[in-house]
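S.K.:
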Amino acid sequence: MRSPEAGTFCMQPGSPAAGEAAVSVTDLTVAYRERPVLWDVDVAVPAGALMAVLGPNGAGKTTLIKAILGLVPIAAGDVRIEGKPYAEQRRLVGYVPQRGSVDWDFPTTVLDVVMMGRYGSLGWLRRPGRREREAALAALEKVAMADFRARQISQLSGGQQQRVFLARALVQDARVYFMDEPFQGVDARTERAIVALLKELRSQGRTVMVVHHDLQTVAEYFDCVTLLNVRRIACGPVAEVFNEENLRLTYGGRVEFLQRKASLEPPPADPGQPGWPRDARDTQGPSRGGLPRP
Amino acid sequence: MLALGIGALSALATDYTLRTVALGSAALGLVSGALGAFAVLRRQSLLGDAVSHAALPGIVLAFLLTGSKAPLVLVVGAALTGWLASLLVLLIVRASRIKLDSALGIVLSSFFGLGLVLLSLAQRHAGASQAGLDRFLFGQAAALVGADLVTMAGLGALVLAALLLFWKEFKLLSFDAAFAGSLGLPVRRLEVVLTSLLVLAIVIGLQTVGVVLMSAMIVAPATAARQWTDRLGRLVLLAGAFGALAGLVGALLSSLVPRLPTGPTIVLAITAIAVLSLLFAPQRGLVAARLRAARQRRRLQVDAVLADLYRLAAQHPEPAAAPHAAAVLRAMSERHGVLRSLGRLAETGLAREDADGRWRLTPAGVAAGRRLAETGAPGAEPGSGEP
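Quick note, the sequences are listed as chains A and B, same order. The numbering of the first sequence is this note's numbering, which starts it at 1 and goes up by one. The numbering of the second sequence is this note's numbering, which starts it at 295 and goes up by one.
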């Protein structure tokens, strides 16, 4: 048994829950047709941490999330959520899949998609009712999408689709969240709002594991990082493991380029107000849902 | 056509056989349309084709083994081989590098070939009583009897009840299977159940539509219905209604007109509904899309002419008092429809034509032209909220 030791990899000192791993992955191996996609991976996410999962394309980032959630068969290894197998802890977990993984022309509305987050707690043979509706509306309010509740989902921009998926995860009211590239294809303002939301989740003691791409924002957004390239290269607090050597091990020769980019000017000061975008470009569409905001 | 329709209606009221045919065909259309909606949304339309073709050997085998032509016996045979074929397709895709379309092709043609061989064997060896089996190729609604109807209605009710019972699970499975899995739904098992329901929906229709064309009853109603609605519930209802309507029309026509095969007639009816929907649906229809594009193009043309006219007028000290010939505008923009655009500007009060046929901007037109020149925003029709 290596789990107690695994749980100390990425502890954030001073975190109230330090010492307890929200997610611990031990010796995880996943293979597609004999080709290993993940090889002997150990990851521990301390409770209440924001963790980025980084790695080049094909490194197995999405597979890691899916393996933790039991969505792909694992060849070997052990996954625990708050100390117990995932199957027993489903109610504690929320999931934001990649935006591109679904057909956005599916005939359904924003509100309906968000209510799907409640299907797990609803159970078989029961239809979503007023309580589910209210929870979904509250979550939509939180990502400033309540005005879009009746809109067909194909009429949303990329950032809006991402916000709908986030709202669906919020109604799950989970303790541990897994998000697969939530910043993919969203505008700068939505990205800032998502980060604020992540930090709010952390302040409520929740744990979030995020597949991320942008090396330049890692230190700003996250507490911990897992560097992955089929094998786990490093896992720990950003300050300790997010360094050039580990990045080179993860990304190979390409890291020079990344480093050069990262050493350019710091990002410009926040040009807009905080919060979710509400500009005309973002809210225009064939059928305006709801009233315009003041 | 009208006389035929009236004839059909009066016959329907009086003729027991015809009523059986009509009810049976409507039921098959309803069930296959509703289940087809899920098949289409899950991009499994072609699976329906493989299943229906693969049902033929099951039908013939069921007859050869039992010697019975009772509808339930044949349907069970059809469902078994149809189901086997669908599992085989999924298995091939999962276990080998063969892609879905190839797997479907292999399974469809080999099962159908087997069915044809068995059919000719049965006809040669088992006497005359089995001759009716070949009606399963292209369907024969006129042969429907009360026992068929009971079987169809029973199975249909079962399928629809299951669909209602697991509605939210099937919806989530179709939209986002990964998320469904993360919630702990048994995704694989639900997929098998949904596919099995599709198999049942298909075998219900085989006697009437035939194995060759049954897949149209899975794909076409949903495709047509998708044009009219953006809600899953309405989509399924509408697909069922379209399927029922097509079944009804096709079966009645083929019962009234001698030697008209039922399957092709029903398929032509649902195809007509699908084509009309693709063309004329208000939001997603091709005609509506064309009209929207044309309106947009015209608006841009009007804006361009307004901009040109403003550019000309702005060179004069008193812009509103500077008329210009339409020919100049045409030379400036090399666009067609300059006169039509000018007419539109005149209608909206932005320009007017002098007695000598030259055009000038009104004061409002000058303002709109300036706005257009400064911001690039359309000046002619602000805020017309076309998508």
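Don't be surprised by glycine CBs; every beta carbon is placed ideally from N, CA and C.
Could you check which residue in A:40, A:44 and A:30 has the C-alpha nearest to that of residue 20 (chain A)?
M.R.: A:44
S.K.: With distances taken from CA atoms, which of B:365, B:339, B:622 and B:663 is nearest residue 639 (chain B)?
M.R.: B:663
S.K.: Can you tell me whether DSSP reads residue 50 (chain A) as helix, strand or coil?
M.R.: Residue state, collapsed to three classes: strand.
S.K.: Given a threshold of 16 other Cβ atoms within 10 Å of its Cβ, counted over all protein chains shown, does residue 649 (chain B) qualify as buried or as exposed?
M.R.: exposed
S.K.: Mark residue 212 (chain A) as exposed unless 16 or more other C-beta atoms lie within 10 angstroms of its C-beta, in which case mark it buried.
M.R.: buried
S.K.: Measure the alpha-carbon distance for residue 447 (chain B) versus residue 392 (chain B) and round it to whole angstroms.
M.R.: 38 Å
S.K.: Pick out whichever of B:350, B:659 and B:620 has its Cα sitting closest to the Cα of residue 643 (chain B).
M.R.: B:659
S.K.: Tell me the residue span of the alpha helix (DSSP H) that contains residue 243 (chain A).
M.R.: Note, residue 243 (chain A): premise wrong, no alpha helix (DSSP H); not H, not E.
S.K.: Would you identify the three-state DSSP class for residue 59 (chain A), choosing helix, strand or coil?
M.R.: The DSSP-derived three-state label of residue 59 (chain A) is coil.
S.K.: So, with DSSP's three-state summary, where would you put residue 313 (chain B)?
M.R.: helix
S.K.: Under 8 Å Cβ-Cβ, which residues of chain B neighbour residue 250 (chain A)?
M.R.: The premise fails here: residue 250 (chain A) is roughly 25 Å from chain B at the closest Cβ pair, so nothing lies under 8 Å.
S.K.: Fully enclosed by the region 203–251 of chain A, which beta strand (DSSP E) runs are 3 residues long or longer?
M.R.: 207–211, 224–229 and 231–237
S.K.: Looking at chain B, is there any beta carbon in it that lies within less than 8 Å of the beta carbon of residue 101 (chain A)?
M.R.: yes
S.K.: For residue 347 (chain B), count the other beta carbons within 10 Å of its own beta carbon; 16 or more makes it buried, fewer makes it exposed. Which is it?
M.R.: buried
S.K.: What three-state label does DSSP hand residue 145 (chain A) in the structure shown?
M.R.: coil
S.K.: Counting only Cβ-Cβ distances shorter than 9 Å, please list the residues of the region 475–507 of chain B near chain A, keeping chain order.
M.R.: Those residues of the region 475–507 of chain B placed with their C-beta closer than 9 Å to a C-beta in chain A are 475, 476, 477, 478, 479 and 481, ordered along the chain.
S.K.: Count the other C-beta atoms from every protein chain shown that fall within 10 angstroms of the C-beta of residue 569 (chain B), then say buried if there are 16 or more, exposed otherwise.
M.R.: Under this definition residue 569 (chain B) is an exposed residue.
S.K.: By the three-class DSSP mapping on this structure, what secondary structure does residue 533 (chain B) have?
M.R.: Residue 533 (chain B): helix per DSSP, three-state reduction.
S.K.: Quick one: is residue 276 (chain A) near chain B, going by C-beta distance under 8 Å?
M.R.: no
S.K.: I'd like the list of long-range same chain contacts for residue 300 (chain B), defined as Cβ closer than 7 Å, with 5 residues on each side in sequence excluded.
M.R.: none
S.K.: Let me see if you follow: with CB-CB separation under 8 Å, is residue 207 (chain A) close to chain C or not?
M.R.: Any reference to chain C falls outside this structure, whose protein chains are A and B.
S.K.: Check whether the region 498–510 of chain B and the region 341–359 of chain B touch, using three or more Cβ-Cβ pairs below 8 Å as the test.
M.R.: Enough Cβ pairs lie closer than 8 Å, so yes.
S.K.: Could you check what DSSP says for residue 590 (chain B) in three-state terms: helix, strand or coil?
M.R.: helix
S.K.: Between the beta-carbon of residue 564 (chain B) and the beta-carbon of residue 510 (chain B), is there less than 8 Å?
M.R.: Taking 8 Å as the Cβ cut-off, residue 564 (chain B) and residue 510 (chain B) qualify as a contacting pair.
S.K.: Please confirm whether residue 324 (chain B) and residue 475 (chain B) have their CB atoms less than 8 Å apart.
M.R.: no
S.K.: What number of angstroms, rounded off, separates the C-alpha of residue 607 (chain B) from the C-alpha of residue 626 (chain B)?
M.R.: 13 Å
S.K.: Under DSSP, the beta strand (DSSP E) around residue 178 (chain A) begins and ends at which residues?
M.R.: 176–180
S.K.: According to DSSP, what are the bridge partners of residue 619 (chain B)?
M.R.: B:652
S.K.: Do you know whose CA, among A:60, A:34, A:22 and A:57, lies nearest residue 47 (chain A)'s CA?
M.R.: A:22
S.K.: Considering only the beta carbon of each residue, do residue 169 (chain A) and residue 117 (chain A) sit closer than 8 Å?
M.R.: For residue 169 (chain A) and residue 117 (chain A), yes; Cβs fall inside 8 Å.
S.K.: Pull up the distance between the alpha-carbon of residue 621 (chain B) and that of residue 600 (chain B), whole angstroms please.
M.R.: Just so you know, the alpha carbons of residue 621 (chain B) and residue 600 (chain B) end up roughly 14 Å apart.
S.K.: I want to see whether chain A comes within less than 8 Å of residue 269 (chain B), judged by CB atoms only; does it?
M.R.: Beyond the ends of chain B as shown, which are 295 and 681, falls residue 269 (chain B); an answer cannot be given.
S.K.: Could you name the residues of chain A that residue 525 (chain B) contacts, counting a contact when the two beta carbons are closer than 9 Å?
M.R.: At a beta-carbon threshold of 9 Å, the residues of chain A lying near residue 525 (chain B) are 107, 108, 109, 112 and 152, ordered along the chain.
S.K.: Could you give the first and the last residue of the continuous beta strand (DSSP E) run that contains residue 496 (chain B)?
M.R.: Segment 481–503 is the alpha helix (DSSP H) holding residue 496 (chain B); no beta strand (DSSP E) there.
S.K.: Using the C-alpha atoms, what's the distance from residue 125 (chain A) back to residue 310 (chain B)?
M.R.: 39 Å
S.K.: In this structure, what does DSSP give as the bridge partners for residue 25 (chain A)?
M.R.: Bridge partners of residue 25 (chain A): A:43 and A:79.
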